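Everything on this sheet refers to the single structure shown next.
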Amino acid sequence: MTSPAHARTTVPATPLCRWCAEPDVEFGWYPSALHEVADALPTTARLAAACRGTGDRPLLDRVADALDRYRGPSTAPGPVVDIGAGFGGPAAWLRRYRGVATVGVEPSADAVAAARGLFPEVPMVRGDAMRLPLADGAYEAALVLGVVSLVDDVPRALLEARRAVRAGGVLALTDYVGLDVSAQQAVREARAAGHPVLPVGTKVRLLRDVLATVEAAGWVVVESGVGPPEPDEQWVDAREEVDRVVESHVARTPHGLGAACRRALRAERRARTRFAEAVDGGLVSRVTLVARAV
Numbered sequence: 046m047t048s049p050a051h052a053r054t055t056v057p058a059t060p061l062c063r064w065c066a067e068p069d070v071e072f073g074w075y076p077s078a079l080h081e082v083a084d085a086l087p088t089t090a091r092l093a094a095a096c097r098g099t100g101d102r103p104l105l106d107r108v109a110d111a112l113d114r115y116r117g118p119s120t121a122p123g124p125v126v127d128i129g130a131g132f133g134g135p136a137a138w139l140r141r142y143r144g145v146a147t148v149g150v151e152p153s154a155d156a157v158a159a160a161r162g163l164f165p166e167v168p169m170v171r172g173d174a175m176r177l178p179l180a181d182g183a184y185e186a187a188l189v190l191g192v193v194s195l196v197d198d199v200p201r202a203l204l205e206a207r208r209a210v211r212a213g214g215v216l217a218l219t220d221y222v223g224l225d226v227s228a229q230q231a232v233r234e235a236r237a238a239g240h241p242v243l244p245v246g247t248k249v250r251l252l253r254d255v256l257a258t259v260e261a262a263g264w265v266v267v268e269s270g271v272g273p274p275e276p277d278e279q280w281v282d283a284r285e286e287v288d289r290v291v292e293s294h295v296a297r298t299p300h301g302l303g304a305a306c307r308r309a310l311r312a313e314r315r316a317r318t319r320f321a322e323a324v325d326g327g328l329v330s331r332v333t334l335v336a337r338a339v
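Structure representation (structure tokens):
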């Protein structure tokens, strides 16, 4: 029998929080953490951080220019819906700097809550890209930025976008795709070996399939291009500063209080690194296209 003097002392384990168990670090934990430090961030930093993964200002400028070219001569153009709006960065930027009336639709409750806190001027609706809570033909344009690689049913999502946009309206789409089947095979083999090369939930769609699916959903592609992302150095610097603020917030806040979770922070950084390596290594390439609704 073990005497009380020699009994083993157990140290209570740190309890898990909702973020420790959640795989959704990109649209759950990160926007929640960003929302908690928002008061310490200038507007530019909020926008830069909330557009991470979607694009920098050169891409958003191209999207806005395309909307101007193809939405028609109306002096009072209708609203633009950002489908899969994340935590509101692109919709807020287009509204603030290009005068575009935007509405965001996003499935993540955490991202919607963060968007409403970060950018209260942008109406946000919780909804799925494959079942949009929107009236038929109510919008002049739809943005589908960084969504194709995440949704399960791309044809359904693009049909829903077409339903929500009036005839003659515009689709602006950008995402990272594979240029041939070798990209899909490489991702499958890496995941089977336990070494994922893309964040959880990210799918490699082939460029040829995306273009065909857009056309089949009732859109006519009028512009398209494939090329590397265009970094905006000011936004890169702003995001690095946001990272430092978020990391400091997590480090000094008790675990499980709000979005203070070191495990989630590490998971988000790993996911970001994996994606950057996939882009830099040529596994996926950015496609940007504009289409008209027929």
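Quick note on my numbering: the sequence shown kicks off at 46 and runs consecutively.
We put the beta carbon where it would ideally sit given N, CA and C, even for glycine.
All values derive from a computational prediction rather than experimental measurement.
- Inclusion of residue 255 and residue 167 in the CB contact set at 7 Å is not warranted, their separation being larger than that value.
- Under the three-state reduction of DSSP output, residue 116 falls in the coil class, being neither helix nor strand.
- In the three-state DSSP reduction, residue 249 falls in the coil class, being neither helix nor strand.
- When the alpha-carbon of residue 101 is set against those of 276, 322, 289, 295, the nearest one is in 276.
- The beta carbons of residue 196 and residue 202 sit closer together than 7 Å.
- In the same chain as residue 248, and ignoring 5 residues on each side of it, the C-beta atoms closer than 6 Å to its own belong to 194, in chain order.
- Rounded to the nearest angstrom, the Cβ distance from residue 273 to residue 331 is 7 Å, consistent with a contact under 8 Å.
- Its chain contains 245 as the residues whose beta carbon lies nearer than 7 Å to that of residue 68, once the 5 sequence neighbours on both sides are disregarded; these appear in chain order.
- For residue 260, the closest of 289, 285, 89, 218 by C-alpha to C-alpha distance is 218.
- Per DSSP, the unbroken alpha helix (DSSP H) holding residue 64 starts and ends at 63-66.
- For residue 140, no beta strand (DSSP E) encloses it; the enclosing alpha helix (DSSP H) starts and ends at 134-143.
- The stretch 154-174 and the stretch 214-230 do not touch, with fewer than three beta-carbon pairs separated by less than 8 Å.
- In this structure, the alpha-carbon of residue 198 lies about 7 Å from that of residue 175.
- By the Cβ neighbour-count rule, residue 73 is buried, with 16 or more other Cβ atoms within 10 Å of its own.
- Residue 93 holds the alpha-carbon nearest to the alpha-carbon of residue 279 among 294, 93, 185.
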